[in-house]
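Undergrad: The structure follows.
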Amino acid sequence: MEVNAEARRILAVSISKLYASRTQRGGLRLHRSLLVSLVMRSARDIYHASRESEAPGAPTPQEPMDSSPSSEEQKQLPPQEAEPAQTEPQCALSPAPQTAVEAEECACDSEITEDKENMSPAARQSRKRRSKASAAPDFLPSKRARLEPGEERYAAPLGSCRVGASCITSCLFPHNSACCASL
Amino acid sequence: MGEDTDTTPALNHRGFLPDHNYVTEADIISTVEFNHTGELLATGDKGGRVVIFQREPESKTEPFAQGEYNVYSTFQSHEPEFDYLKSLEIEEKINKIRWLPQQNAAHFLLSTNDKTIKLWKVSERDKRPEGYNLKDEEGRIKDISTVTSLQVPVLKPMDLMVEVSPRRVFANAHTYHVNSISVNSDYETYMSADDLRINLWHLDITDRSFNIVDIKPTNMEDLTEVITAAEFHPHHCNLFVYSSSKGTLRLCDMREAALCDKHSKLFEEPEDPSARSFFSEIISSVSDVKFSHSGRYLLTRDYLTAKVWDLNMESKPLETYQVHDYLRSKLCSLYENDCIFDKFECAWNGTDSVIMTGAYNNFFRMFDRNTKRDVTLEASRESSKPRAVLKPRRVCAAGGKRRKDDISVDSLDFTKKILHTAWHPTENIIAIAATNNLYIFQDKLNNEMH
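Protein sequences, first through last, are from chains D and W.
1 is the number of the first residue of the first sequence in full-length UniProt numbering; add one for each residue after it.
1 is the number of the first residue of the second sequence in full-length UniProt numbering; add one for each residue after it.
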């Protein structure tokens, strides 16, 4: 579907722009970052809207941390409200994965955790959030426990780990034999 | 309009060999501004330098040299700095220059980079004292025993020297990047605007400024818009306007409250739902706002249009001019190559009857508000020999009828963009910055404004 493909491409381009802007001279440009994140939100909304209309029935359930796009349909927690746009750049501000496709799936995965936040705001812990204006270091190690060999990683409980870190671990290590990503 | 425009030779900003194809990034002009009489024209570049041009006075012996602009002074305004706390480099690029109205023999201008505003004094020295008692002509101390009589030093004429000195440095007031400065009509205060805040300064006081607008949300995650430009009203020292990335303008009155977060007037055009696309927000972001000389109207520029607003009508603009609507179908590629983030400026002519703004391919556009006619002109070496008359250009949209000499949208050069233009305050003289070159065009036939 054309709109779908274009939305994916725009998402990928946007994430790479956000990533590149962090290293440019003069520091993070707030206006530009805001515009890019708005485009990403539009593209993401259209992408999900087109996917919902395209495949209303859920395919067979997959591993929770499987980074394939169909997994997100499994995670359709009711109801899907308008997600705050800021989780997108937050995900993107983590070190960008190798390919654009992975980056785009990272954006999809953030859906899962951010829905959980919307469901019970009371349970949401106040985590340290990256703001657009601060150049927060992204090399901070993930707070997730290191897996023993043979252990499996389960779906993250409510508000337990940072969106960005969980995105990256799931994107980079789709099979659950990952150890925590010390970036 | 139909006037013939006359060109002066393209003034290469740095005086280097003009035929180099590459452009040093430091030479890219980042701002252009005439002073209040139009006698002086200042340009700032990415390397932090300011070059001031002065108009040659009319001379009967050389009628063609009349009105040409020549370099008057060059100085380094800002240097690159490093913010150690945030590990950020602060660019030396001059974002804006604003002249102060002249009050004595010297000229004053404000120049700003992303963080620091400086007040510069530009003065001439054409006399120097000669005949000191204790020093000789070269400045060496004289042997006292050779001094037999006292003399009073006299002022003798010397070659004109233009001296520039920094008189004030207004620093450490902005967390975000400064995008505008504007001198108030009271000639005592000025404001500086960054992405989220606007500060009011007194020209004589550098260690204090007053915050008059603050749109920073408590939680930065809730950020939805930023300030893109701000300007004081030309006559009412209590009024100013600022534009936002959402395409709105806010007129604020400083008499209402110390913090002008609440606007007096909000100018916003409702969005056309049929024109919605991924990039609607980006192209509605206002890149420049200018009051008309009369103070009655506002001129704004967003990515594809220029709009004239009446201060008395907040619901929609008075006039909308399509600058390059043929780009509307190309927004995706313009997003990928970053051109969609280009911030074009706009300008009024002295009588507020014509507006001007830049475009791509070194084209710039002028719209006559009365006759509704518009023209596209090109600022390039090939088409602008001295004394040549500029030929109007035309861009034909894809699929449109193509005439001879038309340029097709696909062959436009998007690296050649005219972001900065300025119009002489009283005459039909315009300054166009095309990357690292400055073009000055004069309308010799119709030099009086209509």
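Positions of the beta carbon are idealized from the N, C-alpha and C atoms, including for glycine.
Kindly say whether isoleucine 10 of chain D, judged by its beta-carbon, lies nearer than 9 Å to any beta-carbon of chain W.
TA: Yes, its Cβ sits closer than 9 Å to a Cβ of chain W.
Undergrad: Grab me the residues of proline 80 of chain W's own chain with a C-beta within less than 8 Å of its C-beta, minus the 5 sequence neighbours each way, in chain order.
TA: The answer, listed in chain order, is Gly48, Glu89, Ile90, Glu91 and Glu92.
Undergrad: Excluding the 5 residues flanking aspartate 352 of chain W on each side, which residues of the same chain have their C-beta closer than 6 Å to its C-beta?
TA: Closer than 6 Å at the Cβ level, and outside the excluded window around aspartate 352 of chain W, lie Ser292, His293 and Ser294.
Undergrad: Secondary structure at serine 177 of chain D, three-state DSSP: helix, strand or coil?
TA: Residue confidence for serine 177 of chain D is low, a pLDDT of 40 falling below 50, so the modelled location carries little weight and cannot support an answer.
Undergrad: Taking only the alpha-carbon atoms, compute the straight-line gap between tyrosine 321 of chain W and tryptophan 309 of chain W and give it to the nearest angstrom.
TA: So the two alpha carbons sit approximately 12 Å from each other.
Undergrad: I'd like to know if glutamate 89 of chain W contacts chain A, where contact means its C-beta is closer than 9 Å to some C-beta of that chain.
TA: No chain A appears in the structure shown, which is made up of the protein chains D and W.
Undergrad: Using the three-state DSSP reduction, which class does asparagine 4 of chain D fall into: helix, strand or coil?
TA: Helix.
Undergrad: Only counting the same chain, and skipping five residues up and downstream in sequence, which positions put a Cβ closer than 7 Å to that of lysine 96 of chain W?
TA: For lysine 96 of chain W, where only same-chain residues beyond five positions count, the Cβ hits under 7 Å are Thr31, Thr112, Ser180 and Ile181.
Undergrad: Taking histidine 177 of chain W as the query, report the chain D residues whose CB atoms sit under 9 Å from its CB, ordered along the chain.
TA: Within chain D, the residues near histidine 177 of chain W are Gly26, Gly27, Arg29, Leu30 and His31.
Undergrad: Round the Cβ separation of isoleucine 15 of chain D and alanine 43 of chain D to the nearest angstrom and send it over; I've been treating them as touching at under 8 Å.
TA: With a Cβ gap of about 10 Å, isoleucine 15 of chain D and alanine 43 of chain D do not count as contacting.
Undergrad: Does the region 236-249 of chain W come into contact with the region 269-287 of chain W, if we say contact requires no fewer than three beta-carbon pairs (one atom in each stretch) closer than 8 Å?
TA: The region 236-249 of chain W vs the region 269-287 of chain W: in contact.
Undergrad: Closer than 9 Å, Cβ to any Cβ of chain D: which residues of the region 297-310 of chain W, in chain order?
TA: So nothing in the stretch comes that close.
Undergrad: Just the chain W side, please: which residues come within less than 7 Å of serine 42 of chain D by C-beta, in chain order?
TA: Simply Phe278.
Undergrad: Considering only residues of the same chain and omitting the five flanking positions on each side of isoleucine 429 of chain W, which have a CB-CB separation below 6 Å?
TA: Around isoleucine 429 of chain W: Gln442.
Undergrad: In whole angstroms, give me the CA-to-CA distance for proline 425 of chain W and alanine 306 of chain W.
TA: Taking the straight line joining both Cα atoms gives about 20 Å.
Undergrad: For the candidate residues W:His177, W:Arg128, W:Glu378 and W:Thr146, whose alpha-carbon lies nearest to that of alanine 388 of chain W?
TA: Among W:His177, W:Arg128, W:Glu378 and W:Thr146, the Cα nearest to that of alanine 388 of chain W is on W:Glu378.
Undergrad: Check the Cβ-Cβ distances between valine 226 of chain W and every residue of chain D, and say whether any is below 9 Å.
TA: Chain D contact via Cβ: present.
Undergrad: Could you tell me the alpha carbon to alpha carbon distance between proline 79 of chain D and histidine 48 of chain D, rounded to whole angstroms?
TA: Low local confidence applies: a pLDDT of 34 at proline 79 of chain D is under 50, so the model's placement there is unreliable, and no value is given.
Undergrad: So isoleucine 418 of chain W packs on asparagine 362 of chain W, CB below 8 Å; how close in whole Å?
TA: Contact holds; Cβ gap of about 6 Å.
Undergrad: Jot down the residue ranges of each uninterrupted beta strand (DSSP E) in the region 141-224 of chain W, minimum 3 residues, whole runs only, in chain order.
TA: Those beta strand (DSSP E) runs which fall completely within the region 141-224 of chain W and span 3+ residues are 154-170, 180-183, 189-193, 197-202 and 210-214.
Undergrad: If you check the beta carbons only, do glutamate 137 of chain W and leucine 155 of chain W fall under 9 Å apart?
TA: Cβ distance not < 9 Å, so glutamate 137 of chain W and leucine 155 of chain W don't count as in contact.
Undergrad: Alpha carbon to alpha carbon, how far is phenylalanine 210 of chain W from asparagine 199 of chain W?
TA: Looking at the two C-alpha atoms, the distance is approximately 5 Å.
Undergrad: Using 8 Å for Cβ pairs, my map puts isoleucine 340 of chain W next to leucine 299 of chain W. What's the rounded Cβ distance?
TA: The Cβ separation is near 21 Å, so there is no contact.
Undergrad: Taking isoleucine 205 of chain W as the reference, give the member of W:Met191, W:Glu382 and W:Val71 with the closest Cα.
TA: Residue W:Met191 is the option with its Cα nearest to isoleucine 205 of chain W.
Undergrad: Quick check: is the beta carbon of valine 332 of chain W nearer than 9 Å to any beta carbon in chain D?
TA: According to the sequence as given, residue 332 of chain W is cysteine; it is not valine. Closer than 9 Å: yes.
Undergrad: Given a cut-off of 9 Å on the beta-carbon distance, is the pair proline 217 of chain W and threonine 228 of chain W in contact?
TA: Taking 9 Å as the Cβ cut-off, proline 217 of chain W and threonine 228 of chain W do not qualify as a contacting pair.
Undergrad: By alpha-carbon positions, which one of W:Ile117, W:Ala106 and W:Asp83 ends up nearest to histidine 202 of chain W?
TA: Histidine 202 of chain W has its Cα closest to that of W:Ile117, out of W:Ile117, W:Ala106 and W:Asp83.
Undergrad: Do you know offhand how far isoleucine 28 of chain W's Cα is from aspartate 272 of chain W's?
TA: About 36 Å.
Undergrad: Between aspartate 338 of chain W and phenylalanine 364 of chain W, what straight-line distance do the alpha-carbon atoms span, to the nearest angstrom?
TA: Roughly 20 Å between the two C-alpha positions.
Undergrad: Does any residue of chain D have a CB that is nearer than 9 Å to the CB of phenylalanine 364 of chain W?
TA: No - not a single Cβ of chain D is within 9 Å of the one on phenylalanine 364 of chain W.
Undergrad: Quick check on the DSSP output: the beta strand (DSSP E) that includes methionine 356 of chain W runs from which residue to which?
TA: Here the beta strand (DSSP E) through methionine 356 of chain W covers 354-358.
Undergrad: Residues in the same chain with beta-carbon distance under 7 Å from valine 23 of chain W, minus the five sequence neighbours each way, listed in chain order, please.
TA: Thr435 and Asn436.
Undergrad: For lysine 17 of chain D, count neighbouring C-beta atoms within 10 Å of its own C-beta (all shown protein chains included) and say buried if the count is 16 or more, exposed if not.
TA: Buried.
Undergrad: Starting from residue 188 of chain D, find everything on chain W with Cβ-Cβ shorter than 7 Å and list it in chain order.
TA: Nothing can be reported for residue 188 of chain D, as the shown portion of chain D is limited to 1 through 183.
Undergrad: Within 10 angstroms of the Cβ of leucine 134 of chain W, are there 16 or more other Cβ atoms? Answer buried if so, exposed if not.
TA: That one is exposed.
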